[in-house]
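Respectively, the protein sequence lines represent chains G and W.
Position one of the first sequence corresponds to residue 1 (the UniProt record's numbering), numbered consecutively onward.
Position one of the second sequence corresponds to residue 1 (the UniProt record's numbering), numbered consecutively onward.
In this text, a Cβ means the ideal position worked out from N, Cα and C, and glycines have one as well.
Protein chains: 2
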Amino acid sequence: MAHTLDHIDTQILAMLQNNSNRTTKSIADELGMTTSPIFERIKKLEKEGYIKKYVAVLDNKKIGLKLTVFIGITLQGHTRSYLEKFVKEINNFPEIVECHRVSGNFDYLLKLVVEDIEAYETFIISKLTLLPYLGNVQSLITLSTGKETNEIDLSRV
Amino acid sequence: MAHTLDHIDTQILAMLQNNSNRTTKSIADELGMTTSPIFERIKKLEKEGYIKKYVAVLDNKKIGLKLTVFIGITLQGHTRSYLEKFVKEINNFPEIVECHRVSGNFDYLLKLVVEDIEAYETFIISKLTLLPYLGNVQSLITLSTGKETNEIDLSRV
DNA sequence: TCTATTTTAAGAATATAATTCTGTTTAATT
DNA sequence: AATTAAACAGAATTATATTCTTAAAATAGA
Numbered sequence: 001m002a003h004t005l006d007h008i009d010t011q012i013l014a015m016l017q018n019n020s021n022r023t024t025k026s027i028a029d030e031l032g033m034t035t036s037p038i039f040e041r042i043k044k045l046e047k048e049g050y051i052k053k054y055v056a057v058l059d060n061k062k063i064g065l066k067l068t069v070f071i072g073i074t075l076q077g078h079t080r081s082y083l084e085k086f087v088k089e090i091n092n093f094p095e096i097v098e099c100h101r102v103s104g105n106f107d108y109l110l111k112l113v114v115e116d117i118e119a120y121e122t123f124i125i126s127k128l129t130l131l132p133y134l135g136n137v138q139s140l141i142t143l144s145t146g147k148e149t150n151e152i153d154l155s156r157v
Numbered sequence: 001m002a003h004t005l006d007h008i009d010t011q012i013l014a015m016l017q018n019n020s021n022r023t024t025k026s027i028a029d030e031l032g033m034t035t036s037p038i039f040e041r042i043k044k045l046e047k048e049g050y051i052k053k054y055v056a057v058l059d060n061k062k063i064g065l066k067l068t069v070f071i072g073i074t075l076q077g078h079t080r081s082y083l084e085k086f087v088k089e090i091n092n093f094p095e096i097v098e099c100h101r102v103s104g105n106f107d108y109l110l111k112l113v114v115e116d117i118e119a120y121e122t123f124i125i126s127k128l129t130l131l132p133y134l135g136n137v138q139s140l141i142t143l144s145t146g147k148e149t150n151e152i153d154l155s156r157v
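Here it is, written out as structure tokens:
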């Protein structure tokens, strides 16, 4: 059974989503508690799925992936089996980091991270446009990024 | 001075961006090395900025933020000072997790995470549309998400 | 309100992993 | 070939995670 998050849980989550390498001691100190309850709460949050995983966030640009592109796509056919196939194909492309089925002016919104404009063009030509039933495709090339985070504001939950 | 990443560095990064709680021992074992060089390499990768931070990835839905929306925006004025002001305002909204300046059919692409449709509407009405010089605003409501990750494929770098 | 039950926390003890240190090997440079 | 710098192995140390036991607080039922 799922329990509800109290204020302490929320604070722990807020800290860990900002820096997951913090020691339980430092969290405990900040909350005026000892390590054991903090430790147990964290384990519970992991076990119950509030915390999905712990990851290192890399600097894409530094690693050589300098370009982020969003691609809006409409499909010509909308059968269930085809949609599933489409998503499956998309997931196999290593450039793609996000794939959302959306309502609005597109059927899908993709986010991809690539080396540069050439790599983007290669993706479009030799991968994306090979998929069947492709309708309208519209790209938004990122010029600069003002904010990009995973961190969600927990003051409102 | 920046050094280039060798294959060992790349493998370490790949492991840590998948699970940053792995022990240096387990990484060392997988790479057939001992803990000291792994430890030193990780510290170097942190220091030189290849690793930006370590974070806990939360389950947004479980926490009560069930809706992801992308918003494409065009502005009516494009003076530099206004663009900066716009980005600054946007960054203050806790709902926004991403804000990209883009080229294409929009000036900006926002990604936001909110409780539900009502919260989304509230954001639009009482926050977004209060900003001056706003032109076209187009929302893409996420119906389902096939893939959503930070993890980039390092086999190509 | 009292008692039983469950939950939560504290504090000490232990296990595990991170970090440091020293000496050796390997690779690069001249 | 000699010299220097970088990278690694292995042991030693330190810090942190994890476990355990007991006490306090909260909750539910009579």
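Residues that DSSP places opposite residue i in a beta bridge
i: W/Ala56; result: G/Tyr54
i: G/Val102; result: W/Thr142
i: W/Thr68; result: W/Val113
i: W/Lys147; result: G/Cys99
i: W/Ile73; result: W/Tyr108 and W/Val137
Beta carbon proximity, residue i to chain W, threshold 8 angstroms
i: G/Leu128; result: no
i: G/Gly77; result: no
i: G/Phe74; result: Checking the sequence, you will find Thr at residue 74 of chain G rather than Phe. Chain W contact via Cβ: absent.
i: G/Gln138; result: yes
i: G/Leu143; result: yes
i: G/Arg156; result: yes
i: G/Ser26; result: no
i: G/Ser20; result: yes
Residue from the options with nearest C-alpha to residue i
i: W/Leu140; options: W/Ile124, W/Met33, W/Thr149 and W/Arg101; result: W/Ile124
i: G/Phe106; options: G/Leu134, G/Asn21 and G/Ser20; result: G/Leu134
i: G/Leu131; options: G/Glu115, G/Ile90 and G/Ser155; result: G/Ile90
i: W/Leu65; options: W/Lys44, W/Val137, W/His7 and W/Glu115; result: W/Glu115
i: G/Arg41; options: G/Asn21, G/Ser20, G/Leu13 and G/Val55; result: G/Leu13
i: G/Thr149; options: W/Lys47, W/Leu58 and W/Gln11; result: W/Leu58
i: W/Leu112; options: G/Asp153, G/Lys44, G/Tyr50 and G/Phe39; result: G/Asp153
i: G/Asn21; options: W/Ala56, W/Pro37, W/Ser36 and W/Glu48; result: W/Ala56
i: residue 173 of chain G; options: G/Pro37, G/Ile71 and G/Lys43; result: What is shown of chain G runs 1 to 157, which leaves residue 173 of chain G out entirely.
i: G/His100; options: G/Val87, G/Ile63 and G/Pro94; result: G/Val87
i: G/Thr23; options: G/Gln11, G/Asp9, G/Ile38 and G/Gln76; result: G/Ile38
i: G/Gly146; options: W/Lys53, W/Tyr108, W/Lys43 and W/Ile63; result: W/Tyr108
i: G/Gly49; options: W/Lys62, W/Glu151 and W/Ser103; result: W/Lys62
i: G/Val157; options: W/Val137, W/Ala119 and W/Asp9; result: W/Ala119
i: G/Thr68; options: G/Gly77, G/Phe93, G/Leu110 and G/Asp9; result: G/Leu110
i: G/Gly32; options: G/Asn19, G/Asn92, G/Ile8 and G/Gln76; result: G/Ile8
i: G/Asn136; options: G/Glu121, G/Lys53, G/Gly77 and G/Lys25; result: G/Gly77
CB contact below 8 angstroms: residue i versus chain G
i: W/Phe106; result: yes
i: W/Phe123; result: no
i: W/Thr68; result: yes
i: W/Ile63; result: yes
i: W/Ser81; result: no
i: W/His7; result: no
i: W/His100; result: yes
Chain G residues whose Cβ lies nearer than 7 angstroms to that of residue i
i: W/Leu58; result: Leu13, Gln17, Tyr50, Ile51, Lys52 and Ile152
Cβ neighbour criterion (16 or more within 10 Å) applied to residue i
i: G/Asn60; result: buried
i: W/Ile96; result: buried
i: G/Gln17; result: buried
i: W/Leu45; result: buried
i: G/Leu143; result: exposed
i: G/Thr4; result: exposed
i: W/Thr34; result: exposed
i: G/Glu84; result: exposed
i: G/Ile117; result: exposed
i: G/Thr79; result: exposed
i: G/Glu30; result: exposed
i: G/Glu121; result: exposed
Interface residues of chain W facing residue i [CB-CB closer than 8 angstroms]
i: residue 160 of chain G; result: Here chain G covers residues 1 to 157 and nothing more, so residue 160 of chain G does not appear.
i: G/Tyr90; result: As written in the sequence, residue 90 of chain G is Ile, which differs from the Tyr given in the question. The contacting residues are Gly146 and Lys147.
beta-carbon residue i near the ligand HEM non-hydrogen atom, thresh 7 angstroms
i: G/Gly135; result: Within the structure as shown, the ligand HEM is missing, as the structure has no ligands at all.
Neighbouring residues, chain W, relative to residue i (Cβ below 7 angstroms)
i: G/Leu109; result: Phe70 and Leu140
Contact set between residue i and chain G, taken where Cβ atoms lie within less than 8 angstroms
i: W/Ser103; result: Leu140, Ile141 and Leu143
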